[in-house]
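Trainee: Pasting a structure below so you can have a look.
In the numbering used here, the protein residues as written are 161 to 412.
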C-alpha cells in the first residue's frame, strides 16, 4: 500500500499526527518515509525513538502537517483561495484586527462571518463523512476507484478511473506485463497518467539520477524515451534541476 492510499484511508487523528503505525514501522502519510520501531535514531547528538524521529522528519520537511495540507490542490481541500489564506492567518494565531489589516477586509465583523462560514463547513464535513461511512456499509456496487495522489496538481477527470479499468489499461499497453516494454505511447490523456505512474515505479524514491541514467531506464521501457521523460516531468512524476544535471522521483 503506497502512501497516497494510506493517506486517504487514515483517520482524522492519524492525519493530524501525520503518520500511522504499520506493523513494526511508523509510516509518514505525507511522503511515505518509514522508520522502524525499536530502533534508536541519532541526529546531531540527540537520540530519538521512531515516532519522535518521524515528528522531527515532518517538522523539518514540511514545517507542520497543517502547512502540508493547506498546500494541497484546492480540489482536494475544498477551500477557495480566500478561505485558504484566512486559515493560514488563523493558524498563525493572528487576531481579527491584525487579519483585517493584513488582508484589507473591511471590518472585524466580516472576519467573524468568515469564521462562522468555516465552522459551518466543518459541521457539513462531519455530517458528510458520517454519511459516507454509513454508505460504505450498504453500497455493495461501488467500484474501487484509483486513489488520487496526495500531491496531485490539477485534479480532474483523468483521475476518475476504477482499479479494474487501471488493470485493463496496463494489460493493453504492457502486453508482456508491467515489467516489460510499453507497446505504444499513443493514447488518451487518462491512459497516459496510469501508464506514466507505472513507469515511475522504475525509479527509486530519494535517489538522484543524471540524464544518462534516466534515459537508460526509460529506454528499457520505450524507444522514444525523450517523449516519455518530457511527459513524466509535465505530469509531475519526475523533477529535475534547471540545468538538467539531476533528476529525481517526485512525491506525487
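Cβ atoms here follow ideal geometry from the backbone N, Cα and C, with glycine treated the same way.
Taking 7 Å as the threshold (C-beta atoms), are residue 207 and residue 310 in contact?
Mentor: No.
Trainee: So, using beta-carbon positions, are residue 365 and residue 398 closer together than 7 Å?
Mentor: Result no, Cβ atoms of residue 365 and residue 398 do not sit closer than 7 Å.
Trainee: Can you give the Cα-Cα distance for residue 227 and residue 262, rounded to whole angstroms?
Mentor: Rounded to whole angstroms, residue 227 to residue 262 spans 19 Å at the Cα level.
Trainee: Nearest-angstrom Cα distance between residue 209 and residue 182?
Mentor: Their Cα atoms are separated by approximately 15 Å.
Trainee: Can you list, in chain order, the residues of its chain whose CB lies under 7 Å from that of residue 222, leaving out five sequence neighbours each side?
Mentor: Hits under 7 Å: 190, 228.
Trainee: Using the C-alpha atoms, what's the distance from residue 299 back to residue 369?
Mentor: Spanning the two alpha carbons is a distance of roughly 46 Å.
Trainee: Is the separation between the beta-carbon of residue 318 and that of residue 349 shorter than 7 Å?
Mentor: Yes, they are a contact pair.
Trainee: With DSSP as the reference, label residue 189 as helix, strand or coil.
Mentor: Of the three classes helix, strand and coil, the one that applies to residue 189 here is coil, per DSSP.
Trainee: So residue 395 and residue 356 are supposed to be a Cβ contact under 8 Å. How far apart are they, rounded?
Mentor: The Cβ separation is near 5 Å, so the contact holds.
Trainee: Hey, would you say residue 178 sits closer than 7 Å to residue 218, going by beta carbons?
Mentor: In contact: residue 178 and residue 218 (Cβ atoms closer than 7 Å).
Trainee: From what residue to what residue does the alpha helix (DSSP H) around residue 204 run?
Mentor: From DSSP, residue 204 is part of no alpha helix (DSSP H); its letter is neither H nor E.
Trainee: Check each candidate in 358, 407, 346, 360 and name the one with the smallest Cα separation from residue 384.
Mentor: Of the candidates 358, 407, 346, 360, the one whose C-alpha sits nearest the C-alpha of residue 384 is 346.
Trainee: Nearest to residue 201 by alpha carbon, out of 216, 163, 253?
Mentor: Of the candidates 216, 163, 253, the one whose C-alpha sits nearest the C-alpha of residue 201 is 216.
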